[in-house]
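**Student:** Chains as they are written, first to last, in the numbering used here: chain A, 1 to 295; chain B, 296 to 649; chain C, 650 to 927.
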Amino acid sequence: MLRRKRFWFAIMAILPTFAIFGWVRLFPIIETLRLSMHEWNLLSKNKPFVGFQNFIELFGDNQFLDALSNTAIIAFGAMAVTIPMSLVLAAIIYHRTRSRFAGFYETAVFIPHVVSLVPAAMAWKWIFDAKLGPLNAVIVGLGGNALPWLFDPVLSVICIILLVSWQTLGYGVLIYLVGFRNLPKSVFEAAQLDGASGVQSFLYMSAPLLKPITLYVSVVTLISGFNVYAQAYVLASDTQGAPGRQVRVLVLDMLENSFQNFRVGYAAAEAVILLSIVLMLTMIQFGLLRGKGGR
Amino acid sequence: MATVEINELRKSFDDVETLHGISFSIPDGAFVALVGPSGCGKSTILRLVAGLEEITSGDIYIGDNIINDIEPKDRNIAMVFQNYALYPHLTVAQNMGFSLKLLKKSKVEIERAVKEAAEILGIGELLHRLPKQLSGGQRQRVAMGRAIVRQPQVFLFDEPLSNLDAKLRVQMRAELKALHRRLATTTIYVTHDQIEAMTMADIVVVMRDGNVEQVGRPLELYDKPVNQFVAGFIGSPAMGFLPATTKVGSNEMVFSDGQVLSKPTYATLDGGYIIGLRPEHIRLGGDGASFKATIEASEQTGSETMLVARLADQEITILLRERFDTPIGDVHAFVIDPTAVQVFDSKTGARLET
Amino acid sequence: MSARARVRRTNFMLDILLFVICILLLTPLILLIANGFKTPQEMLVWPPTLFPKDPTLQNFHKVFTETPLLQWMFNSFAFAILSTIAIVSTSALAGYIIGKFPFRSINIIFVLFLATAIIPFEVYMIPLYFQVKALGLLNSIGGLLVGYLVMSFGIFLIRQNVIASIPDELLEAARIDGAGELWIFCYVVLPLLRGPLAALAVLAFFQAWTAFAWPIIVTTRKASFTIEVGLANFQSAYTIDLSLLSAASAAVMVPSVLAFVLLRRNFVEGIAASGMKD
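1. Find the residues of chain A that neighbour L398 (chain B), judging by a C-beta separation of less than 8 angstroms, and give them in chain order.
2. For H710 (chain C), count neighbouring C-beta atoms within 10 Å of its own C-beta (all shown protein chains included) and say buried if the count is 16 or more, exposed if not.
3. Between which two residues does the beta strand (DSSP E) containing N506 (chain B) stretch?
4. Can you grab the Cα-Cα spacing for the pair Q240 (chain A) / Y836 (chain C), in whole Å?
5. Between which two residues does the alpha helix (DSSP H) harbouring Y568 (chain B) extend?
6. To the nearest angstrom, report how far apart I934 (chain C) and R96 (chain A) are at their CA atoms.
7. In whole angstroms, what separates the C-alpha of T739 (chain C) from that of T17 (chain A)?
8. Could you give the C-beta distance for I775 (chain C) and V264 (chain A), rounded to a whole number, given that I count them as a contact under 8 angstroms?
9. Give a yes or no on whether 7 angstroms exceeds the smallest Cβ distance from M902 (chain C) to chain A.
10. At 7 angstroms on the CB atoms, spell out the chain A contacts of W721 (chain C), in chain order.
11. Is any beta-carbon of chain A found at less than 7 angstroms from that of E818 (chain C)?
12. Does M374 (chain B) have its Cβ less than 7 angstroms from a Cβ in chain A?
13. Looking at the C-beta of L134 (chain A), does it have a partner C-beta in chain B at a distance below 7 angstroms?
14. With a cut-off of 7 angstroms, does the C-beta of P208 (chain A) fall near any C-beta of chain B?
15. So within the stretch 156–210 of chain A, which uninterrupted alpha helix (DSSP H) runs reach at least 4 residues, ignoring any that extend past its ends?
16. Given a cut-off of 7 angstroms on the beta-carbon distance, is the pair A72 (chain A) and I160 (chain A) in contact?
17. Answer yes or no: does any C-beta atom of chain B fall closer than 7 angstroms to that of E189 (chain A)?
18. Taking N302 (chain B) as the reference, give the member of B:F308, B:I340 and B:S333 with the closest Cα.
19. Which of the residues in the stretch 484–500 of chain B, read from start to end, lie with their CB under 9 angstroms from any CB of chain A?
20. For W126 (chain A) and Y778 (chain C), I'd like the C-alpha separation in whole angstroms.
21. Which residue marks the beginning of the beta strand (DSSP E) containing L117 (chain A), and which one marks its end?
22. Thinking C-alpha only, which one of A:G143, A:V187 and A:L147 is nearest K131 (chain A)?
23. Which two residues bound the contiguous beta strand (DSSP E) that contains L343 (chain B)?
24. So the alpha helix (DSSP H) I350 (chain B) belongs to, where does it begin and stop?
25. Give me the Cα-Cα distance between R295 (chain A) and T612 (chain B), rounded to the nearest whole angstrom.
26. Give a yes or no on whether the minimum CB-CB distance between I812 (chain C) and chain A is below 7 angstroms.
27. Less than 7 angstroms between CB atoms is the rule here; does S186 (chain A) satisfy it with respect to chain B?
28. Please list the partners that L928 (chain C) has in chain A, where partner means a Cβ-to-Cβ separation under 7 angstroms.
29. Assuming G879 (chain C) contacts L718 (chain C) (C-beta within less than 8 angstroms), just tell me the rounded distance between them.
30. Under a three-way DSSP split, which group does M502 (chain B) fall into?
31. DSSP beta-bridge partners for P538 (chain B)?
32. Buried or exposed: R512 (chain B), going by 16 or more other Cβ atoms within 10 Å of its Cβ?
33. Could you tell me the boundaries of the beta strand (DSSP E) in which A373 (chain B) lies?
34. So that I know if they touch, is there some Cβ in chain A lying closer than 7 angstroms to that of Y773 (chain C)?
35. Nearest to R653 (chain C) by alpha carbon, out of B:G316, B:I365 and B:Y356?
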């Protein structure tokens with residue numbers, strides 16, 4: 001009897017949240033999957049079923065492929081820069097935990113992550129500015145040639161990778177710091193007695209023992225890398241201010257297809273591909289974690 | 296020559312001094328146990344010798360060298376931690392060979408050294424396992440193997456057996472002792488278990504609250520404890536203490552209930568003292584000083600009887616090496632050899648010499 | 650050199666290194682703020698100056714009086730606050746139910762929450778956009794809110810906390826004493842969740858404040874932009890005036906950074922908790 005009453009309370013209490021969730025999460029997700037198999041140009045009532053045609057077309061679409069490769073390069077590039085740097089930085093900050101500057105270090109490292117995307121991108125946009133930015137000023141001052149950072153297709157991707165890494169570094173450091181704090185202290189004392197220097201201790205003990213965290217941070221930064229949009233929008237806009245013209249990313253391509261090219265089904269197919277990539281990365285993370293027997 | 300000399304060692308943590316000028320010497324090849332209740336500073340001394348903590352003042356010598364400012368890895372010592380501190384991500388062989396790998400020894404050399412140590416400890420078959428696949432006793436051995444491989448001058452043990460179950464502990468005690476006999480390396484062994492200290496050590500250092508109470512061979516500490524603390528700490532079951540009064544030159548000590556114990560006293564002052572009675576010295580009959588006590592509880596283990604009795608309104612423990620069945624509440628006479636009775640100053644706790 | 654002195658020297662060098670790295674990391678932001686104080690002419694100078702020669706407040710004045718920045722700030726703030734309230738309340742209740750009422754149907758609901766947690770918003774925001782459009786909520790705070798009413802991670806966080814720090818016995822005791830379920834939630838559970846709820850609130854606020862992709866498709870009229878969207882589109886309307894742009898960005902950035910420095914503990918707690926999710 002009591003159990004019954006509790007059951008009804010539970011259902012009633014969770015119903016509002018579940019209803020909202022169903023409306024803003026479940027329904028749109030299912031809609032995306034459904035639309036990906038249809039053709040819809042926003043205006044007509046007609047949404048014919050086209051099967052996998054959208055997907056087939058996508059893989060022949062140069063703009064999509066361009067966006068896909070750019071996004072992948074940005075995601076993996078940012079990860080490749082962020083992971084080792086945040087690990088090393090966290091190691092050093094952890095080593096100096098007892099310093100009175102420890103709070104300053106943690107705060108300063110994390111501020112780039114806290115600053116919202118657009119102002120941060122604005123800050124870097126000026127730095128990278130070919131004609132007015134300090135980066136080129138420093139390079140020229142050192143005797144080199146000014147580079148068209150935001151105009152060259154290759155260089156602008158590098159700029160985005162730098163910006164994204166700069167923003168993600170603080171997050172990585174934070175998570176690694178938590179990891180360091182949970183490492184068993186006696187293992188390091190034993191290593192110290194065995195003759196390990198600070199660097200050796202880091203290479204042979206810390207880094208391997210932190211593998212689960214490295215895995216987690218990798219996947220998280222990869223996934224957010226694949227969703228990159230604001231940074232490309234701001235940094236890589238051309239002189240007319242048209243956003244992201246220089247560097248196409250997946251989300252941009254998707255939104256363009258949906259709202260400018262009036263091909264919602266096509267855009268939905270792109271979204272499904274993005275979803276598949278994210279799911280695959282998550283699966284890999286789980287697989288790798290379990291393979292090591294977890295923790 | 297791996298003698299160890301501790302000289303006026305002091306250690307403070309954040310302005311609180313926890314070691315108050317410790318001094319003692321350890322001869323080459325000796326097995327020295329540091330015992331005492333928790334917080335007495337024994338682990339701190341070990342960690343100072345290892346170099347894991349900084350010395351506040353005082354000196355530590357290994358051989359003729361003062362090692363205060365030498366890095367842990369250059370002190371030629373090895374340590375076995377209480378929780379073994381094995382490298383969880385390395386195999387047993389890699390754990391044991393780690394120090395040699397850091398010294399850039401060749402693979403062949405490392406393999407040989409690891410194999411040798413593994414054979415001594417009987418863990419040859421576990422070389423490819425990870426620590427989490429091992430039992431407590433096996434991990435213990437791997438930790439020791441890791442220490443042996445370094446061929447150090449001094450072994451440091453930090454309560455290595457306290458995480459093992461009782462039976463395993465007894466077995467490992469014997470093995471450790473045998474290992475020490477075989478390797479003849481100077482060993483400093485920290486434990487809170489005085490039985491371990493007594494059975495394994497050549498020399499025992501008893502500590503309390505950051506001070507050394509007594510240093511000596513196990514039996515010395517048992518027969519001639521320097522004060523009440525050491526007397527009560529060493530020996531199991533613990534010595535019983537009762538207040539008694541006596542006069543200079545008298546042959547009697549009087550308990551608070553009026554009972555008189557015939558024991559020549561060497562007191563230099565009249566007044567109250569503390570009498571110490573070891574449970575195992577009290578017998579049912581025979582020659583000696585006798586007294587009466589009321590039985591309050593009795594435990595039979597088959598070969599021994601442990602009694603809790605009330606004498607002069609104090610509880611004392613009596614350990615009889617025979618079966619003795621008596622109803623609770625009975626008053627019984629007991630006998631003790633007067634020379635086994637110890638007398639302590641009631642203010643300082645120091646033992647009066649007999 | 651003795652071991653002690655060597656350690657001290659290494660620590661000193663590391664401190665210097667860390668200091669330099671931190672300053673380098675903060676440099677872009679410092680430059681941005683500095684630029685806000687430069688005159689438009691000075692911004693066009695080459696090589697660029699680090700700090701303004703003639704610092705002026707005209708940019709900031711202009712930004713607040715002649716651009717819709719204040720309106721955008723209001724939009725962002727309202728959106729973020731409402732989103733935070735929605736997320737905290739739904740997560741608290743849902744997390745509690747899922748954590749302490751292990752019925753079959755509730756568990757199924759939980760699996761659904763969990764399964765969709767890893768799906769990034771960008772994947773399904775287009776159909777949601779059409780929903781919002783159909784409701785006539787485009788260009789409104791309500792429309793913005795629709796995408797940020799619930800947070801799967803928030804539900805998960807509360808569930809973990811509820812399981813870890815609210816013993817069943819406490820709830821049983823309250824029930825035996827005759828308390829109603831709702832009363833138990835409000836007066837027993839919620840007070841115990843203060844810490845995680847605060848962390849979640851900070852996280853939710855931050856998420857809404859920095860949202861970009863969703864606001865940019867939902868708001869098309871200048872007056873309804875959020876700060877992020879407004880600033881991003883700033884460049885097309887005010888392209889030449891870099892100093893104005895910098896001032897606007899700085900004006901937006903400084904409050905967030907200040908808020909972070911003050912609320913650092915809650916923030917860090919929230920983000921670290923997300924790291925323990927797996």
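Cβ atoms here follow ideal geometry from the backbone N, Cα and C, with glycine treated the same way.
**Tutor:** Concretely, from the data shown:
1. Counting from 1 along the second sequence, the entry for residue 398 (chain B) is found at position 103. Neighbours of L398 (chain B) on chain A, chain order: G195.
2. Residue mapping note: residue 710 (chain C) aligns to position 61 of the third sequence, counting from 1. By the neighbour-count rule (16 or more Cβ atoms within 10 Å), H710 (chain C) is not buried but exposed.
3. Taking the second sequence and counting its residues from 1, one reaches residue 506 (chain B) at position 211. Start and end: N506 to G511.
4. Residue 240 (chain A) sits at position 240 when you count from the first residue of the first sequence. Residue 836 (chain C) sits at position 187 when you count from the first residue of the third sequence. In this prediction, Q240 (chain A) scores a pLDDT of 49, lower than 50, which makes its location untrustworthy; the coordinate-derived value is nonetheless stated afterwards. Using only the alpha carbons, I get a separation of about 57 angstroms.
5. In the second sequence, residue 568 (chain B) corresponds to position 273, counting from 1. Per DSSP, Y568 (chain B) belongs to no alpha helix (DSSP H); it is in the beta strand (DSSP E), G566 to L572.
6. Here chain C comprises residues numbered 650 to 927, so residue 934 (chain C) is not present and cannot be evaluated.
7. Reading the third sequence from its first residue, position 90 is the one you call residue 739 (chain C). Reading the first sequence from its first residue, position 17 is the one you call residue 17 (chain A). For T739 (chain C) and T17 (chain A), the distance between alpha carbons rounds to 6 angstroms.
8. In the third sequence, counting from the first residue as 1, residue 775 (chain C) sits at position 126. In the first sequence, counting from the first residue as 1, residue 264 (chain A) sits at position 264. Sure, about 7 angstroms apart at Cβ, within 8 angstroms.
9. What you label residue 902 (chain C) is simply residue 253 of the third sequence in a count that begins at 1. Chain A contact via Cβ: present.
10. On the third sequence, position 72 is the one that residue 721 (chain C) refers to. Simply none; closest approach about 11 angstroms.
11. Position 169 of the third sequence, counted from the start, is the residue given in the question as residue 818 (chain C). Not closer than 7 angstroms to any Cβ of chain A, the Cβ of E818 (chain C) fails to qualify, so no.
12. If you number the second sequence from 1, residue 374 (chain B) lands on position 79. Output row for M374 (chain B): interface = yes.
13. Within the first sequence, residue 134 (chain A) is the residue found at index 134, counting from 1. First, the amino acid is wrong: residue 134 (chain A) is Pro here, not Leu. Chain B contact via Cβ: absent.
14. Residue numbering aside, residue 208 (chain A) sits at position 208 when the first sequence is read from its first letter. At least one chain B Cβ lies under 7 angstroms of P208 (chain A).
15. 185–194 and 198–201
16. If you number the first sequence from 1, residue 72 (chain A) lands on position 72. If you number the first sequence from 1, residue 160 (chain A) lands on position 160. Contact: no.
17. The residue you call residue 189 (chain A) lines up with position 189 of the first sequence. By this cut-off, E189 (chain A) is an interface position.
18. Along the second sequence, one-based indexing puts residue 302 (chain B) at 7. The shortest C-alpha separation from N302 (chain B) is found at B:I340.
19. none
20. Mapped onto the first sequence, residue 126 (chain A) falls at position 126. Mapped onto the third sequence, residue 778 (chain C) falls at position 129. Straight-line Cα distance between these residues: approximately 33 angstroms.
21. What you label residue 117 (chain A) is simply residue 117 of the first sequence in a count that begins at 1. Per DSSP, L117 (chain A) belongs to no beta strand (DSSP E); it is in the alpha helix (DSSP H), L117 to F128.
22. Translated into the one-based positions of the first sequence, residue 131 (chain A) becomes position 131. It is A:L147 whose Cα lies nearest to the Cα of K131 (chain A).
23. As a first step, residue 343 (chain B) is located in the second sequence; it is residue number 48 there, counting from the start. Element bounds for L343 (chain B): not the beta strand (DSSP E) but the alpha helix (DSSP H), K337 to A345.
24. Along the second sequence, one-based indexing puts residue 350 (chain B) at 55. Per DSSP, I350 (chain B) belongs to no alpha helix (DSSP H) and is neither H nor E.
25. Position 295 of the first sequence, counting from 1, holds the residue named residue 295 (chain A). Position 317 of the second sequence, counting from 1, holds the residue named residue 612 (chain B). Low confidence applies to R295 (chain A): its pLDDT is 41, below 50, so where it sits in the model is not reliable, and the reading given next is rough at best. Cα to Cα, R295 (chain A) sits roughly 49 angstroms from T612 (chain B).
26. If you number the third sequence from 1, residue 812 (chain C) lands on position 163. False, the Cβ-Cβ gap to chain A never drops below 7 angstroms.
27. Residue numbering aside, residue 186 (chain A) sits at position 186 when the first sequence is read from its first letter. Yes, S186 (chain A) lies at the interface with chain B (some Cβ there is under 7 angstroms from its Cβ).
28. Outside the modelled stretch of chain C, which goes from 650 to 927, sits residue 928 (chain C), for which no answer is possible.
29. Residue mapping note: residue 879 (chain C) aligns to position 230 of the third sequence, counting from 1. Residue mapping note: residue 718 (chain C) aligns to position 69 of the third sequence, counting from 1. So it is a contact: roughly 7 angstroms between Cβ atoms.
30. Position 207 of the second sequence, counted from the start, is the residue given in the question as residue 502 (chain B). Here M502 (chain B) sits in strand by DSSP.
31. Start at 1 with the first residue of the second sequence, and residue 538 (chain B) comes out as number 243. In DSSP, P538 (chain B) forms a bridge with B:I569.
32. Numbered from its first residue, the second sequence carries residue 512 (chain B) at position 217. So R512 (chain B) counts as exposed.
33. Here the question's residue 373 (chain B) lines up with position 78 in the second sequence. Note, A373 (chain B): beta strand (DSSP E), I372 to V375.
34. Here the question's residue 773 (chain C) lines up with position 124 in the third sequence. Interface residue, yes.
35. Position 4 of the third sequence, counted from the first residue, corresponds to residue 653 (chain C). If we check each option's Cα against that of R653 (chain C), B:I365 comes out closest.
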